[in-house]
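I have placed the structure first, in the form of structure tokens, so that the comments after it can refer back to it.
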Amino acid sequence: MIRISLPDGSTLEQPRGASILEVASSIGPRLAEATVCAVVNGTLRDIRETLAEDCTLTLVTTGEPQALETLRHTTTHIMAQAVKRLYPGAKLGIGPAIEEGFYYDFDVAEPFTEEDLERITAEMVRIIEADLPIVRKELPKPEARALLESQGEPYKVELVDDLEDETVSFFEQGDFTDLCRGPHLGSTGQVKPAAMKLLSVAGAYWRGDETRPMLQRIYGTVWEKAKELEAYLWRREEAEKRDHRRIGKELDLFSIHEEGGAGLVCFHPKGARLKRTIEEFWYDEHDRGGYEIVSTPHIGKADLWSISGHLDFYRENMYSPMDIDGVDYYIKPMNCPYQILIYKTRVHSYRELPLRWAELGTVYRYERSGVLHGLLRVRGFTIDDAHIICRPDQVEDEIRGVYAFSLGMLEAFGFDAFDVYLSTRPHEGKAVGEPERWKQAETALREALEDRGLPYRIDEGGGAFYGPKIDIKVKDLLGRSWQCTTIQFDFNLPERFDMTYVGEDGQEHRPYVVHRALLGSIERFIGCLIEQYAGAFPVWLAPVQATVIPIADRHTEYARTVEARLRSAGIRAVVDGSSERMNAKIRNAQLQKIPYMLVVGDREADAGAVAVRLRTEEDLGAKPLDEVVGLVRRVIDGKSLELT
Numbered sequence: 060m061i062r063i064s065l066p067d068g069s070t071l072e073q074p075r076g077a078s079i080l081e082v083a084s085s086i087g088p089r090l091a092e093a094t095v096c097a098v099v100n101g102t103l104r105d106i107r108e109t110l111a112e113d114c115t116l117t118l119v120t121t122g123e124p125q126a127l128e129t130l131r132h133t134t135t136h137i138m139a140q141a142v143k144r145l146y147p148g149a150k151l152g153i154g155p156a157i158e159e160g161f162y163y164d165f166d167v168a169e170p171f172t173e174e175d176l177e178r179i180t181a182e183m184v185r186i187i188e189a190d191l192p193i194v195r196k197e198l199p200k201p202e203a204r205a206l207l208e209s210q211g212e213p214y215k216v217e218l219v220d221d222l223e224d225e226t227v228s229f230f231e232q233g234d235f236t237d238l239c240r241g242p243h244l245g246s247t248g249q250v251k252p253a254a255m256k257l258l259s260v261a262g263a264y265w266r267g268d269e270t271r272p273m274l275q276r277i278y279g280t281v282w283e284k285a286k287e288l289e290a291y292l293w294r295r296e297e298a299e300k301r302d303h304r305r306i307g308k309e310l311d312l313f314s315i316h317e318e319g320g321a322g323l324v325c326f327h328p329k330g331a332r333l334k335r336t337i338e339e340f341w342y343d344e345h346d347r348g349g350y351e352i353v354s355t356p357h358i359g360k361a362d363l364w365s366i367s368g369h370l371d372f373y374r375e376n377m378y379s380p381m382d383i384d385g386v387d388y389y390i391k392p393m394n395c396p397y398q399i400l401i402y403k404t405r406v407h408s409y410r411e412l413p414l415r416w417a418e419l420g421t422v423y424r425y426e427r428s429g430v431l432h433g434l435l436r437v438r439g440f441t442i443d444d445a446h447i448i449c450r451p452d453q454v455e456d457e458i459r460g461v462y463a464f465s466l467g468m469l470e471a472f473g474f475d476a477f478d479v480y481l482s483t484r485p486h487e488g489k490a491v492g493e494p495e496r497w498k499q500a501e502t503a504l505r506e507a508l509e510d511r512g513l514p515y516r517i518d519e520g521g522g523a524f525y526g527p528k529i530d531i532k533v534k535d536l537l538g539r540s541w542q543c544t545t546i547q548f549d550f551n552l553p554e555r556f557d558m559t560y561v562g563e564d565g566q567e568h569r570p571y572v573v574h575r576a577l578l579g580s581i582e583r584f585i586g587c588l589i590e591q592y593a594g595a596f597p598v599w600l601a602p603v604q605a606t607v608i609p610i611a612d613r614h615t616e617y618a619r620t621v622e623a624r625l626r627s628a629g630i631r632a633v634v635d636g637s638s639e640r641m642n643a644k645i646r647n648a649q650l651q652k653i654p655y656m657l658v659v660g661d662r663e664a665d666a667g668a669v670a671v672r673l674r675t676e677e678d679l680g681a682k683p684l685d686e687v688v689g690l691v692r693r694v695i696d697g698k699s700l701e702l703t
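For the sequence shown, the working numbering assigns the number 60 to the initial residue and increments by one for each residue that follows.
Structure (structure tokens):
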């Protein structure tokens, strides 16, 4: 018999070799019917798998996130089965569930077309309507390899060769068998055709390697209910309208050039103005928050990256070294080591701590060309790094402070919904640092989260080997999560660089180091802001806050006077001196998402006024110039999301 621990604290005894479904049935028939998969000792498992030893078991039922993942995984197999029926020569790659959908990679003679997707969808519906039982099988690795070779599946053979397991699992449904860990639904009929849709086709290198064959990747989505699919398709359509790459081009914010290098961003004047506004706010807030600003070099000797561990653990993300006077130098992938070197320049007393050092440092990391994506995935970017160096008795207060500081900064940009995660000490493998320090660090992180009252999820054992962390993702208007803040304890660098301070007892002690990136990559954060606001930024962020529109050429001189008055008040203003008619100028300003259009003609010039129109198409009429300046300044200073 084996002992099974359940989430409510109770335990069950079951025969060794009982399946997860049999365990669910022993608890109750209704539960067994609703069970989709299970989490065994933290790992997602198929309900047909057997249990061979004592374990902790959580049954996953319909409606939970892992159940949706299982539904999507099953749908990938249905799609692959349909493709193999329609295109027998197709070779199978991989087909995982992903966030909000799934994909499968195929090696086919000709690229798939929209008409092909329609045919594949129709065949998928037939497979679903057949309600084929899904059967799990295990084979010894040599037999699994022989089976896949006989099926003419070279990519699957390669996957089997890379497995360390002695046995390999397959899932079979009707005339289709696929190599897979699972989990899967009980039958194909549990997928609802009305809640399923194939979306697009893209090229994808096998295993992400540009030197390997280019496969055809079919993306799709599936949900438990048809109305959930409808809601997703609306979000998808809205997201396309907000695509930061398209809006960035339309608003003349940034560009990326093949001649300059993929993943390397050029900010145009308006984009650079937006970036500078974010950075100036960042500097002001850090000044008020008790941080000191540092600045470090862009390259460093190989010795530095060896001490920090980057050459051992991060080399594949670093660019090739440069030979300078016979010594290898690397362009920096992270800012951390240099800030530690600054600390090491002299002896520090316990009275000096905490030290809060922050930097907007540009780093360079290798990314495969296939994953580069506008501002969201680049090769050169600026990170708002900070390191808090403190005594053990200061940890709790510093973590509370940095957590509140982070949320306050994000809220200033208009974000008010967050996904928060706490990752704790890894269960397996080595973890740097004493267990007592891990425990204190995790306690400080938990208490900071609970003090703020925001819900959070715990990723038990999900921390890095060098320390626990908090991750904060902002949720945009479409409900999408964007990674921004990381608050990470680092027990690794203090050890590697032998960081110390002199305590009250006159002895050397090891400080705590908390690494914190608040906005994360500034480039990615700008991409997030573009999509959050669809380019219609809050006034304080808008690259151009007001455009002055003279009705005729004779009004240009007064328009320049208005522009000068606005600029003297710190308002970013321009004059549209083009030959376009007034209505065309207004339309152009609206397309450029400029918050205020100030029209001036004879009456406005005589009265020292401007006629105010908003980008939201409201006409506020003529108002004294000083009143408008005051209005715009109040909106800017209050960082309001409104225009009035």
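All residues carry an ideal CB built from backbone N, CA and C; glycine is no exception.
Helix, strand or coil: how does DSSP classify M393 here?
coil
Taking the straight line between their C-alpha atoms, what separation do you get for A471 and L274?
44 Å
Could you name the residues that DSSP lists as bridge partners for E231?
V194, T236
Are there 16 or more other CB atoms within 10 angstroms of the CB of C325, so buried, or fewer, so exposed?
exposed
State buried or exposed for S638, treating a residue as buried only when at least 16 other CB atoms are found within 10 Å of its CB.
exposed
Do A681 and A664 have their C-beta atoms within less than 8 Å of each other?
no
Residues near E622 in its chain [Cβ-Cβ closer than 6 Å; skip 5 each side]:
V607, A632, V634
Does the beta-carbon of L537 have 16 or more other beta-carbons within 10 angstroms, so that it is buried, or is it exposed?
exposed
Where do the N-terminal and C-terminal ends of the alpha helix (DSSP H) with S3 fall, by residue?
In the structure displayed, the chain extends from 60 to 703; residue 3 sits before or after that span and is not available.
Does the distance from the CB of A445 to the CB of R575 come in under 8 Å?
yes
Distance CB(L625)-CB(A605) smaller than 8 Å
yes
Check whether the Cβ of F474 lies closer than 7 Å to any heavy atom of the ligand HEM, and answer yes or no.
The ligand HEM is not among the ligands present in this structure, which contains no ligands whatsoever.
Run the CB neighbour count on F372, radius 10 Å, all protein chains shown included, and call it buried at 16 or more, exposed below.
exposed
Measure the C-alpha to C-alpha separation of E174 and L323 and round it to an integer number of angstroms.
37 Å
Pick from I390, L435, A500: whose alpha carbon is nearest that of D452?
A500
T94 burial status per 10 Å Cβ neighbour count (16 or more: buried):
buried
Among R204, T236, L118, V82, which residue has its Cα nearest to the Cα of I137?
T236
Quick check: the region 128-146 against the region 203-212, are at least 3 beta-carbon pairs closer than 8 Å?
no
Pairwise C-alpha distance: D105 and L116:
12 Å
Classification of L118 by the beta-carbon crowding that lies within 10 angstroms, buried from 16 upward
buried
For D635, which of helix, strand or coil comes out of DSSP?
coil
Does DSSP classify P380 as helix, strand or coil?
coil
By DSSP, does A417 sit in helix, in strand, or in coil?
strand
Counting Cβ pairs, one atom from each stretch, are 3 or more of them under 8 Å apart for the region 586-603 and the region 345-363?
no
Bridge partners - F440, DSSP secondary structure assignment
V422
Where do the ends of the alpha helix (DSSP H) carrying A623 lie?
615-627
Residue range of the alpha helix (DSSP H) that includes F313
Here F313 belongs to no alpha helix (DSSP H); instead the beta strand (DSSP E) covers 313-315.
Inter-residue spacing [alpha-carbon to alpha-carbon] between F386 and S365:
Going by the sequence as given, residue 386 is Val instead of Phe. Approximately 13 Å, taken between the alpha carbons.
Taking the alpha carbon of G636 as the reference point, which residue from P654, K652, V658, G629 has its own alpha carbon closest?
V658
Assign H357 to one of three DSSP states: helix, strand, or coil.
coil
Just confirm the distance between the C-beta atoms of K256 and T280, as a whole number of angstroms; I'd bet it's less than 8 Å.
6 Å
Where the alpha helix (DSSP H) through M183 begins and ends:
173-188
Nonlocal neighbours in the same chain, by C-beta distance under 7 Å from I448, ignoring five residues either side:
Y402, L412, P413, L414, P570, V572
So, using beta-carbon positions, are G429 and A263 closer together than 8 Å?
yes
In the DSSP assignment, find the alpha helix (DSSP H) that holds A500 and state where it starts and stops.
494-511
What is the C-beta distance between P485 and G522, in whole angstroms, given that I count them as a contact (C-beta under 8 Å)?
6 Å
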